[in-house]
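Below is one structure; the comments refer to it alone.
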Amino acid sequence: YLESVVFDAKEQLLNRAADHKVLAEMGSQPMCCTPSWFRAKLLYNFLPFDFSIFGQIKSPLFLLLTLLSITPMFGIRVAFFTIILICIVAGRPPDEYQLVT
């Protein structure tokens with residue numbers, strides 16, 4: 120029983136690494152300073168698919184976006200999440216990972 124559990128765990132880790140490579144290579148990078156580039160930067164820094172919270176904390180842009188998302192004054196939080204929602208839905212097709220997280 121133990122050997123099958125260890126084998127299954129190894130298979131799962133290998134498949135996860137393969138999935139990450141496939142996801143990371145998917146699509147093409149947008150040209151710098153275009154609206155799609157800003158959309159990609161915003162969404163990747165706020166809701167990345169390949170970093171845990173500990174990896175996200177190292178990013179200064181993530182910290183800035185987090186501060187914006189927790190600011191309750193002057194409608195900043197509402198405007199921020201409206202922009203995030205528009206960026207998620209405006210993708211072609213909408214980004215399923217970010218819609219469900």
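The opening residue of the sequence shown carries number 120 in this note's numbering; numbering runs sequentially from there.
Don't be surprised by glycine CBs; every beta carbon is placed ideally from N, CA and C.
- Only residues of its own chain outside the window of five on either side were considered, and among them none has a CB closer than 6 Å to the CB of Ile203.
- Linking Met192 to Asp169 through their CA atoms gives a straight-line distance of about 31 Å.
- Under the three-state reduction of DSSP output, Phe126 falls in the helix class.
- Here Thr185 carries a helix assignment [DSSP, helix/strand/coil].
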